[in-house]
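All letters in the sequence shown, in the order written, are residues 1 to 278 by our numbering.
Cβ atoms here follow ideal geometry from the backbone N, Cα and C, with glycine treated the same way.
From a predicted model like this one, the values you see are computed outputs, not experimental measurements.
Okay, so here's the structure we're looking at.
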Amino acid sequence: MERLALGDFELTVFSDGTYYLDGGAFFGVVPKVMWSRKVKADEQNRVVVGLNSLLVRTGKHNVLIETGIGNKLSEKMAKIYGQPAKLLENLSAGGIAPDDIDVVINTHLHFDHCGWNTVRKNGQVVATFPKAQYYAQEGEWQHGRRQHERDAISYISENYDPLIDNGQMHLLHGDQEIVPGVFANIFRGHTANMQAVIIKSDGKTACYISDLIPTTAHLDLTWVMGFDLFPLETIESRKSYYAQAVPEQWLTVFTHDPNMPWAHLERNEAGKIMVRGR
Ligand SMILES: [Zn+2]
């Protein structure tokens with residue numbers, strides 16, 4: 001658990017554990033001889049991937065960004081990806097009960113980002129955080145519903161449809177301030193409607209950048225995941241993110257980095273984006 005103050009807010013990273021992805025898919029067109037210098041693959045070419053959720057305590061609201069894989073995967077999917085299901089126990093160890101969460105934000109609706117939105121209870125799928133208002137993008141939900149051949153496996157409707165049916169999940173149409181100081185902003189590339197969450201308090205800024213830059217190994221503009229639906233737009237979105245986040249010294253939060261959940265970024269003499277002080 002890592003914690004810091006951002007202005008008047010408090011930020012804490014809570015992990016749902018780690019899981020596995022194919023190293024080739026994780027690094028797209030980047031040759032293995034290059035990415036394997038940064039991240040080691042196992043004998044099945046899998047790499048270990050983090051599941052970092054961020055809790056923002058504003059003083060008025062407890063906002064949870066992303067809810068990991070959860071505990072509802074099918075046996076087959078759990079075998080492929082792993083299902084660590086650690087988020088609730090890690091929240092509890094940090095003194096946070098499900099009832100304490102006021103707001104849940106999903107950057108997009110892939111199963112590894114919204115799994116703990118819901119749990120199965122007495123044969124029904126219900127909200128894990130009973131008092132929370134949940135937020136996701138309407139366009140992302142529509143895409144998931146389409147069950148496109150390319151990425152249907154990524155969208156498990158039990159993670160969000162029960163919350164839309166009971167009125168707990170609100171579907172956004174573009175950028176919006178969710179609670180004072182917490183903003184959802186769309187960055188296209190990974191999906192058409194993926195939103196990052198920008199957090200501002202007392203002149204300080206942090207950004208949960210989600211799958212636009214999943215780990216510190218993906219900082220290079222062209223190190224784009226094979227999963228991304230619009231890789232050229234990922235590059236453009238990263239450019240516009242760095243153009244603001246580097247000079248303004250934003251703290252960047254990485255969803256999938258198992259070792260470094262957050263960092264400040266800098267541009268080196270060659271113009272490459274690096275973790276500051278590395
Ligand atoms: Zn994703």
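**Message:** If you follow the beta strand (DSSP E) that residue 9 is in, where does it begin and where does it stop?
**Reply:** 9–22
**Nearest candidate by alpha-carbon position, reference residue 180, set 91, 62, 125 and 228** = 62
**Item:** With 16 other Cβ atoms within 10 Å as the buried cut-off, status of residue 42
**Value:** Within a 10 Å sphere around the beta-carbon of residue 42 sit fewer than 16 other beta-carbons, which makes this residue exposed.
**residue 281 and residue 228 closer than 8 Å at C-beta** = Only positions 1 to 278 of the chain appear in the structure, and residue 281 is not among them; the question remains open.
**Every unbroken alpha helix (DSSP H) inside the region 41–112 [4 residues or more]** = Runs of the alpha helix (DSSP H) inside the region 41–112: 75–81 and 87–93.
**As assigned by DSSP and simplified to three states, the class of residue 187** = coil
**Item:** C-alpha distance - residue 189 paired with residue 140, whole-angstrom precision
**Value:** A straight-line Cα-Cα distance of about 12 Å links residue 189 and residue 140.
**Asked** Considering only the beta carbon of each residue, do residue 118 and residue 98 sit closer than 8 Å?
**Response** Their beta carbons are not under 8 Å apart, which means residue 118 does not touch residue 98 by this criterion.
**Prompt:** Taking any heavy atom of ligand 1 as the mark, which residues have a C-beta closer than 5 Å to it, listed down the chain?
**Reply:** Going along the chain, the residues that qualify are 110 and 211.
**Asked** Is residue 266 helix, strand or coil by DSSP?
**Response** strand
**Message:** If you measure between the beta carbons of residue 107 and residue 25, is that distance less than 8 Å?
**Reply:** no
**Inside the region 210–256 only - alpha helix (DSSP H) runs reaching at least 4 residues** = 231–245
**Message:** For residue 171, list the residues DSSP reports as bridge partners.
**Reply:** Residue 171 is bridged to 136.
**Request:** Using beta-carbon positions only, say whether residue 51 and residue 16 come within less than 8 Å of one another.
**Result:** yes
**Request:** Would you tell me roughly how many angstroms separate the C-alpha atoms of residue 236 and residue 202, rounded to the nearest one?
**Result:** 29 Å
**Message:** Which same chain residues end up closer than 8 Å to residue 192 when comparing Cβ atoms and leaving out the 5 residues on each side of it in sequence?
**Reply:** 139, 140, 143, 229 and 230
**Message:** Determine whether the beta carbon atoms of residue 254 and residue 214 lie at a separation below 8 Å.
**Reply:** Cβ atoms of residue 254 and residue 214: closer than 8 Å.
**Request:** Hey, could you find the ends of the alpha helix (DSSP H) residue 200 is sitting in?
**Result:** Element bounds for residue 200: not the alpha helix (DSSP H) but the beta strand (DSSP E), 195–201.
**Asked** Helix, strand or coil: how does DSSP classify residue 353 here?
**Response** As displayed, the chain neither begins before 1 nor continues past 278, which places residue 353 out of reach and without an answer.
**Backbone secondary structure at residue 146 - three-state DSSP** = helix
**Asked** By a C-beta neighbour count over all protein chains shown, 10 Å radius and 16 as the cutoff for buried, is residue 270 buried or exposed?
**Response** exposed
**Item:** residue 156 (DSSP reduced to helix, strand or coil)
**Value:** coil
**Request:** Whole angstroms is fine: what's the gap from residue 54's alpha carbon to residue 8's?
**Result:** 16 Å
**Request:** May I ask which residues mark the beginning and end of the alpha helix (DSSP H) holding residue 162?
**Result:** Taken as a continuous stretch (DSSP letters only), the alpha helix (DSSP H) holding residue 162 covers 161–165.
**Request:** Please look up how many angstroms separate the CB atoms of residue 194 and residue 220, rounded, as I've assumed it's under 8 Å.
**Result:** The Cβ separation is near 19 Å, so there is no contact.
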